[in-house]
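Residue numbers for the sequence shown follow numbering that gives the first Met the number 0, beginning at 0 and rising by one. Note that beta-carbon positions come from the ideal geometry of N, C-alpha and C, so glycine has one too. All figures in this text were calculated on a predicted structure; none of them were measured in a lab.
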Amino acid sequence: MPQPELLLVCKQPLPKPSYLIVGGLVFVPLMSPYEALIPRRKLDDVLKKPSTDGAQIVCLLMILRAEVNVGYEEQVGQLASLNGEPVKSLRGLKEQVEAIETGPLCFRLDSGEMIVMDSAKCWQSEAHIFRNHRITSRASSDLV
């Protein structure tokens, strides 16, 4: 008897996801595969039509292993703000991040958890992080 297939065949090509990596923190816009990052009680509010064009829910999907982010490895979820400024989209987050050359990067998740990293250490560590994880650039091509 033939053995059943362990993997289902993908019937449509998967889109290339948008992403932004900052010091090993991997941010993505909320998409259906990542709904589990949002608490179920907040999911209805999150899935409403955005209040402005281009607005997106930005999620911290994962944290890559790196010295710069030791201690934060388990945190994931919806991103609320960077240095006290609300995050309105992944592109907006990229612009916010790239405007900070020195000082802290204070990411606040919607759950209230904070990730605080030194921006200079983040920028210095990126080449090493990208090489170790075989990442070609900080952001997906649609954000460049």
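Taking a contact as a CB-CB distance under 8 Å, the pair Q74 and C58 does not count as one, their CB atoms being some 11 Å apart.
Counting along the chain, no alpha helix (DSSP H) covers Q77; the unbroken beta strand (DSSP E) around it starts and ends at 76-81.
Ranking V25, V27, S17, L81 by CA distance to the CA of G102 puts L81 first. The alpha carbon of G111 has as its nearest neighbour, out of E84, N68, A79, S140, the alpha carbon of A79. Put simply, the segment 81-92 does not touch the segment 116-130. Fewer than three CB pairs are less than 8 Å apart.
Rounded to the nearest whole angstrom, the CA to CA distance from S139 to I20 is 9 Å. For L19, the pairing in a beta bridge is given by DSSP as F26, A138. One alpha carbon belongs to L104, the other to M30, and they sit about 25 Å apart.
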